[in-house]
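First the structure, in the form of structure tokens, and then the observations on it.
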Amino acid sequence: MELKHCGIIELKDLEFFAFHGCYPEEQAHGNKFVVNIKIETDISLPAQTDNIEDALDYVKIYDIVEKEMSQRSHLLENVAFRIYSRLFEQFPQIINADVKVSKLAPSVRDGIKAVSVRI
Numbered sequence: 272m273e274l275k276h277c278g279i280i281e282l283k284d285l286e287f288f289a290f291h292g293c294y295p296e297e298q299a300h301g302n303k304f305v306v307n308i309k310i311e312t313d314i315s316l317p318a319q320t321d322n323i324e325d326a327l328d329y330v331k332i333y334d335i336v337e338k339e340m341s342q343r344s345h346l347l348e349n350v351a352f353r354i355y356s357r358l359f360e361q362f363p364q365i366i367n368a369d370v371k372v373s374k375l376a377p378s379v380r381d382g383i384k385a386v387s388v389r390i
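Read in order, the letters of the sequence shown are residues 272 to 390 in my numbering.
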């Protein structure tokens with residue numbers, strides 16, 4: 272009987288400048304965004320082999336996030352869902368994932384520090 276060991280891989284506070292938003296000023300001027308990713312996966316094999324080929328490569332995870340953040344969207348829901356979907360497409364070994372996309376200091380209203388969508 273093979274033992275499975277679930278582990279969590281987290282990429283925290285990935286910063287991007289992007290042009291997501293419904294309002295013209297957001298689309299014209301852009302904004303700063305922060306993305307947090309938490310992935311549950313079986314770490315049994317990479318823990319034994321110490322081989323990146325057996326692991327969930329966080330550089331490839333970052334590349335997915337970077338690509339999706341560069342594609343303009345009106346809604347954070349769309350951006351977060353695209354990232355979430357691409358992670359599962361690229362890495363079938365993912366058991367569960369949590370994706371949070373935050374827009375910092377949205378320009379449409381003063382006094383809002385951040386707005387986030389989490390899937």
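All C-beta atoms in this analysis are idealised placements derived from N, C-alpha and C, irrespective of residue type, glycine included.
Please read these numbers as outputs of a predicted model, since none were measured by experiment.
Close CB contacts of residue 374 within its chain, under the 6 Å cut and outside five residues either way in sequence, are with 302, 304 and 386 (chain order). Beta-bridge annotation (DSSP): residue 312 is paired with 278 and 365. Residue environment analysis places residue 289 among the buried positions, since at least 16 neighbouring C-beta atoms fall within 10 angstroms of its C-beta. In terms of CA proximity to residue 389, 372 leads the group 377, 372 and 380.
If you keep only unbroken alpha helix (DSSP H) runs of at least 4 residues inside the region 286-364, you get 295-300, 315-320, 329-341 and 347-361. Rounded to whole angstroms, the separation of the alpha carbons of residue 356 and residue 335 is 10 Å. Residue 346 is positioned such that its CB atom lies no closer than 7 Å to that of residue 308.
Shortest Cα-Cα distance from residue 362 to any of 328, 349 and 351 involves 328.
The continuous beta strand (DSSP E) containing residue 387 extends over residues 385-389.
In terms of Cβ geometry, residue 359 and residue 365 form a close pair [threshold 7 Å].
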